[in-house]
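J.: Numbering (this note's numbering) for the sequence shown: 253 to 686. Attaching a single structure in structure tokens format; questions to follow.
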Amino acid sequence: MNMKIAVIGTGYVGLVTGTCLAETGNEVVCVDIDASKIERMKNGEVPIYEPHLDVLFDRNIKAGRLSFTTSLDEGLAHGEIIFLALPTPEDEDGSADLQYVLGVADEIGKKITSYKVIVDKSTVPVGTSDKVKATIAKHAKSEFDVVSNPEFLREGFAVDDFMKPERIVVGSSSDRATALMKRLYGPFVRSGNPIIIMDERSAELTKYAANSFLATKITFMNEIANYCELVGADVDKVRIGMGTDSRIGKRFLFPGIGYGGSCFPKDVKALHKSGKDENHEFKILSAVIDINKNQKTVLIPKIESYFNNQLTGKKIALWGLSFKPETDDIREAPALDIIDALLKKGASVIAFDPEAMTNVERKLGNQIEYAASMYKAVENADALVICTEWSIFRTPDFEKIKEHLTNKVIFDGRNLYEVNEMKEMGFNYFSIGR
Ligand code: UDX
Numbered sequence: 253m254n255m256k257i258a259v260i261g262t263g264y265v266g267l268v269t270g271t272c273l274a275e276t277g278n279e280v281v282c283v284d285i286d287a288s289k290i291e292r293m294k295n296g297e298v299p300i301y302e303p304h305l306d307v308l309f310d311r312n313i314k315a316g317r318l319s320f321t322t323s324l325d326e327g328l329a330h331g332e333i334i335f336l337a338l339p340t341p342e343d344e345d346g347s348a349d350l351q352y353v354l355g356v357a358d359e360i361g362k363k364i365t366s367y368k369v370i371v372d373k374s375t376v377p378v379g380t381s382d383k384v385k386a387t388i389a390k391h392a393k394s395e396f397d398v399v400s401n402p403e404f405l406r407e408g409f410a411v412d413d414f415m416k417p418e419r420i421v422v423g424s425s426s427d428r429a430t431a432l433m434k435r436l437y438g439p440f441v442r443s444g445n446p447i448i449i450m451d452e453r454s455a456e457l458t459k460y461a462a463n464s465f466l467a468t469k470i471t472f473m474n475e476i477a478n479y480c481e482l483v484g485a486d487v488d489k490v491r492i493g494m495g496t497d498s499r500i501g502k503r504f505l506f507p508g509i510g511y512g513g514s515c516f517p518k519d520v521k522a523l524h525k526s527g528k529d530e531n532h533e534f535k536i537l538s539a540v541i542d543i544n545k546n547q548k549t550v551l552i553p554k555i556e557s558y559f560n561n562q563l564t565g566k567k568i569a570l571w572g573l574s575f576k577p578e579t580d581d582i583r584e585a586p587a588l589d590i591i592d593a594l595l596k597k598g599a600s601v602i603a604f605d606p607e608a609m610t611n612v613e614r615k616l617g618n619q620i621e622y623a624a625s626m627y628k629a630v631e632n633a634d635a636l637v638i639c640t641e642w643s644i645f646r647t648p649d650f651e652k653i654k655e656h657l658t659n660k661v662i663f664d665g666r667n668l669y670e671v672n673e674m675k676e677m678g679f680n681y682f683s684i685g686r
């Protein structure tokens with residue numbers, strides 16, 4: 253039987269959650285305080301770029317299963333399950349700022365008049381569900397349960413990850429709430445993937461531990477890559493040699509110019525800070541944070557050395573601005589660190605990205621130039637720097653690039669090309685760990 257759902261917060265996670273839950277027949281009302289965004293969504297506009305989301309969005313709005321409102325009251329009256337998909341931004345000290353989550357919890361407490369399950373989908377520190385419970389309980393006149401249900405979806409694959417999750421983690425100490433969550437997620441795990449039920453604190457920590465582990469895995473490979481350069485080994489070979497051991501696994505072993513995005517940087521720092529609060533030093537995470545910061549600009553010394561430390565007046569073409577392909581998200585994108593370093597050293601930058609240029613222009617304005625195409629970017633540029641592995645950059649017209657570039661030099665932060673082939677084509681080619 254379909255269920256009535258409210259999703260509070262229509263950011264990345266909220267919007268994908270709401271749309272995908274509507275897709276399996278539930279009636280979903282999405283609530284946000286941003287009136288102009290709600291208006292745009294009512295008119296069928298998806299406010300983020302995410303493959304396949306537009307199709308589901310359109311279909312479910314038309315079917316009357318997905319609607320939008322700025323009224324929290326309306327959302328709360330509608331939903332028997334209330335998802336909190338609110339931002340938990342990084343505080344100055346690295347901890348997660350809970351003001352939005354607890355603010356809404358306070359409102360919920362004042363407003364609910366019948367049993368509700370409040371589901372925390374935001375990434376929140378251990379103990380938050382207890383705080384949410386206490387906040388609601390201050391005023392609540394009806395019964396309620398709070399469960400923790402961390403979200404593991406990846407940008408660019410969000411719809412697929414939500415519709416076919418490898419696992420669903422539910423932290424719940426109420427049988428009534430657990431039964432409702434199992435019913436809600438049943439259609440998503442027909443393939444046999446598990447819904448893992450645990451206590452709330454373990455569920456909250458699972459999300460931080462998973463993201464911090466993946467960030468550590470990437471960072472470990474970045475360290476190996478940097479070492480490969482010193483000893484003349486090839487990180488691509490090492491990666492394959494390691495990754496075929498199923499205990500290690502092939503995924504998330506790709507070295508590059510550091511991890512970015514809205515989750516890894518924030519979550520690693522937040523777990524590190526939570527540890528400190530308990531007098532527990534996550535030494536491994538201190539190292540990960542440090543190494544990743546340096547990794548983002550690991551190409552800069554290579555560029556400087558190629559140009560004999562003279563970057564003043566050099567025009568650098570830059571391909572890829574988003575923190576990874578298939579998204580317009582530029583949060584913590586290594587490209588921004590590289591641009592900053594290049595500008596500080598007196599170079600100018602002309603950039604191209606298939607989706608993220610508008611976002612960068614909003615942030616950087618005319619500090620850099622924006623090219624109409626990947627080939628326009630390299631026209632009369634002194635060098636090409638690649639920051640994101642968008643598919644269209646994988647097999648470019650190298651002759652065209654050679655014609656356009658003043659120096660035949662490419663600095664590749666994503667190891668897109670074969671080192672030998674680049675040499676044969678006459679490029680000076682610098683990549684990571686090879
Ligand atoms: C991540 C988690 O994967 C997801 O489970 C969680 O819910 C949110 O955070 P996302 O940030 O969308 O998802 O991107 P992901 O594909 O995981 O990549 C994160 C960063 O790691 C990117 O900057 C990417 O370039 C980098 N990365 C990833 C590497 O440098 N090497 C790799 O091998 C994999």
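The beta carbon of each residue, even a glycine, is placed where N, CA and C say it ideally should be.
#1: Under the three-state reduction of DSSP, which class applies to residue 680: helix, strand or coil?
#2: Determine the direct distance from the alpha carbon of residue 521 to that of residue 539, and round the result to whole angstroms.
#3: For residue 616 and residue 601, I'd like the C-alpha separation in whole angstroms.
#4: Comparing the CB of residue 445 with every heavy atom of the ligand UDX, is any distance shorter than 7 Å?
#5: Is the stretch 587-606 touching the stretch 561-568 in the sense that three or more CB pairs, one from each, lie closer than 8 Å?
#6: Closer than 7 Å by C-beta to residue 677: which residues in its own chain qualify, once you throw out the five before and the five after it? Chain order, please.
#7: For a test of the three-state rule: what should DSSP assign to residue 471, helix, strand or coil?
#8: Below 8 Å on the Cβ atoms is my guess for residue 583 versus residue 514; work out the distance and round it to an integer in Å.
#9: Kindly indicate which three-state DSSP category residue 361 falls into: helix, strand or coil?
#10: Between which two residues does the beta strand (DSSP E) containing residue 423 stretch?
#11: Please state the DSSP three-state secondary structure of residue 413.
#12: Assign residue 364 to buried or exposed, taking buried as 16 or more other Cβ atoms, counted over all protein chains shown, within 10 Å of its Cβ.
#13: Using beta-carbon positions only, say whether residue 467 and residue 516 come within less than 8 Å of one another.
#14: Please work out which residues of its chain come closer than 8 Å, Cβ to Cβ, to residue 407, disregarding the five sequence neighbours upstream and downstream, and give them in chain order.
#15: For residue 425, which residues in the same chain have their Cβ closer than 7 Å to its Cβ, ignoring the five residues on either side in sequence?
#16: Can you give me the start and stop residues for the beta strand (DSSP E) that residue 368 sits inside?
#17: Can you grab the Cα-Cα spacing for the pair residue 440 / residue 360, in whole Å?
#18: So which of 478, 670, 545, 339 has the shortest CA-CA distance to residue 349?
#19: Using a threshold of 8 Å, state whether the C-beta atoms of residue 318 and residue 258 are closer than that.
#20: Let me check one thing: in DSSP terms, what residues is residue 600 bridge-paired to?
#21: When we look at the beta-carbon of residue 436 and count the other beta-carbons within 10 Å, is it buried (16 or more) or exposed?
#22: For a test of the three-state rule: what should DSSP assign to residue 635, helix, strand or coil?
#23: Leaving out the 5 sequence neighbours to the left and right, which residues in its chain are closer than 7 Å to residue 395 when beta-carbon positions are compared?
#24: When DSSP labels each residue in this structure, what does residue 209 get in the three-state scheme?
#25: Can you give me the C-alpha to C-alpha distance between residue 501 and residue 663, rounded to a whole angstrom?
#26: Are the CB atoms of residue 427 and residue 398 within a distance shorter than 8 Å?
#27: Taking 7 Å as the cut-off, is the beta-carbon of residue 470 closer than that to any non-hydrogen atom of the ligand UDX?
#28: Rounded C-beta distance between residue 635 and residue 555? I'm assuming under 8 Å.
#29: Is residue 550 helix, strand or coil by DSSP?
#30: Does residue 574 pass the burial test, meaning 16 or more other C-beta atoms within 10 Å, or should it be called exposed?
#31: Please indicate yes or no: does the CB of residue 575 lie closer than 7 Å to some heavy atom of the ligand UDX?
#32: Taking 8 Å as the limit between beta carbons, can you name the residues of its chain near residue 446, skipping five residues before and five after?
#33: Buried or exposed: residue 253, going by 16 or more other Cβ atoms within 10 Å of its Cβ?
#34: State the Cα-Cα distance for the pair residue 629 and residue 686, rounded to the nearest angstrom.
T.: Let's see:
#1: Along the sequence shown, one-based indexing puts residue 680 at 428. The three-state secondary structure of residue 680, taken from DSSP, is strand.
#2: In the sequence shown, residue 539 corresponds to position 287, counting from 1. In the sequence shown, residue 521 corresponds to position 269, counting from 1. Annotation: residue 539 to residue 521 spans about 11 Å, alpha carbon to alpha carbon.
#3: Sequence index remark: in the sequence shown, residue 616 carries index 364 (1-based). Sequence index remark: in the sequence shown, residue 601 carries index 349 (1-based). The alpha-carbon of residue 616 is positioned some 11 Å away from that of residue 601.
#4: As a first step, residue 445 is located in the sequence shown; it is residue number 193 there, counting from the start. Exclusion of residue 445 from the 7 Å shell around the ligand UDX follows from its C-beta lying no nearer than that to any non-hydrogen atom of the ligand.
#5: Contact annotation: the stretch 561-568 touches the stretch 587-606, with at least three C-beta pairs closer than 8 Å.
#6: For the purposes of this step, residue 677 is identified with residue 425 of the sequence shown, where counting begins at 1. Counting only Cβ-Cβ distances below 7 Å, and skipping sequence neighbours, we find 650.
#7: For the purposes of this step, residue 471 is taken as the residue at position 219 of the sequence shown. The answer is helix: DSSP assigns residue 471 an H, G or I state.
#8: Translated into positions along the sequence shown, residue 583 becomes position 331. Translated into positions along the sequence shown, residue 514 becomes position 262. With 8 Å as the limit, residue 583 and residue 514 qualify as a contact, their Cβ atoms being about 5 Å apart.
#9: By one-based count along the sequence shown, residue 361 stands at place 109. Reduced to three states, the DSSP call for residue 361 is helix.
#10: Here the question's residue 423 lines up with position 171 in the sequence shown. For residue 423, the enclosing beta strand (DSSP E) has its first and last residue at 420-423.
#11: As a first step, residue 413 must be located in the sequence shown, where it is residue number 161. Three-state DSSP puts residue 413 in a helix.
#12: Locating residue 364 in the sequence shown gives position 112, where the first residue counts as 1. Buried, because 16 or more other Cβ atoms sit within 10 Å of the Cβ of residue 364.
#13: If you number the sequence shown from 1, residue 467 lands on position 215. If you number the sequence shown from 1, residue 516 lands on position 264. In contact: residue 467 and residue 516 (Cβ atoms closer than 8 Å).
#14: Here residue 407 refers to the residue found at position 155 when the sequence shown is read from its first residue. These residues qualify, in order along the chain: 264, 302, 513, 514, 576, 578, 579, 581.
#15: Within the sequence shown, numbered from 1, the residue matching residue 425 stands at position 173. Around residue 425: 451, 452.
#16: As a first step, residue 368 must be located in the sequence shown, where it is residue number 116. 368-372 is the span of the beta strand (DSSP E), which, as asked, contains residue 368.
#17: The count along the sequence shown starts at 1 and reaches residue 440 at position 188. The count along the sequence shown starts at 1 and reaches residue 360 at position 108. Straight across, the Cα-Cα distance linking residue 440 with residue 360 is about 28 Å.
#18: Here residue 349 refers to the residue found at position 97 of the sequence shown. In this structure, 339 is the residue among 478, 670, 545, 339 with its C-alpha nearest to the C-alpha of residue 349.
#19: Position 66 of the sequence shown, counted from the start, is the residue given in the question as residue 318. Position 6 of the sequence shown, counted from the start, is the residue given in the question as residue 258. Taking 8 Å as the cut-off, the Cβ atoms of residue 318 and residue 258 do not count as close.
#20: Sequence index remark: in the sequence shown, residue 600 carries index 348 (1-based). In the DSSP output, where bridge partners are listed per residue, residue 600 has 567.
#21: In the sequence shown, residue 436 corresponds to position 184, counting from 1. Residue burial is scored here from C-beta neighbours: residue 436 has at least 16 other C-beta atoms within 10 angstroms and is therefore classed as buried.
#22: For the purposes of this step, residue 635 is taken as the residue at position 383 of the sequence shown. Under the three-state reduction of DSSP output, residue 635 falls in the strand class.
#23: Within the sequence shown, numbered from 1, the residue matching residue 395 stands at position 143. Counting only Cβ-Cβ distances below 7 Å, and skipping sequence neighbours, we find 367.
#24: This structure does not reach residue 209, given that the chain is present from 253 up to 686, and the question cannot be answered.
#25: Counted from its first residue, the sequence shown places residue 501 at position 249. Counted from its first residue, the sequence shown places residue 663 at position 411. Cα to Cα, the separation comes out at about 28 Å.
#26: Residue mapping note: residue 398 aligns to position 146 of the sequence shown, counting from 1. Residue mapping note: residue 427 aligns to position 175 of the sequence shown, counting from 1. Not closer than 8 Å, so no.
#27: As a position in the sequence shown, residue 470 is number 218, starting the count at 1. The nearest non-hydrogen atom of the ligand UDX is less than 7 Å from the C-beta of residue 470.
#28: Indexing the sequence shown from 1 puts residue 635 at position 383. Indexing the sequence shown from 1 puts residue 555 at position 303. For residue 635 against residue 555, the beta-carbon gap comes to about 7 Å, under 8 Å, which counts as contact.
#29: To locate residue 550, count along the sequence shown from 1; it is residue 298. Note: residue 550 maps to coil in three-state DSSP.
#30: Locating residue 574 in the sequence shown gives position 322, where the first residue counts as 1. Classification for residue 574: buried.
#31: The residue you call residue 575 lines up with position 323 of the sequence shown. The nearest non-hydrogen atom of the ligand UDX is less than 7 Å from the C-beta of residue 575.
#32: Translated into positions along the sequence shown, residue 446 becomes position 194. These residues qualify, in order along the chain: 419, 420.
#33: Translated into positions along the sequence shown, residue 253 becomes position 1. That one is exposed.
#34: For the purposes of this step, residue 629 is identified with residue 377 of the sequence shown, where counting begins at 1. For the purposes of this step, residue 686 is identified with residue 434 of the sequence shown, where counting begins at 1. Each residue's Cα considered, the two are about 26 Å apart.
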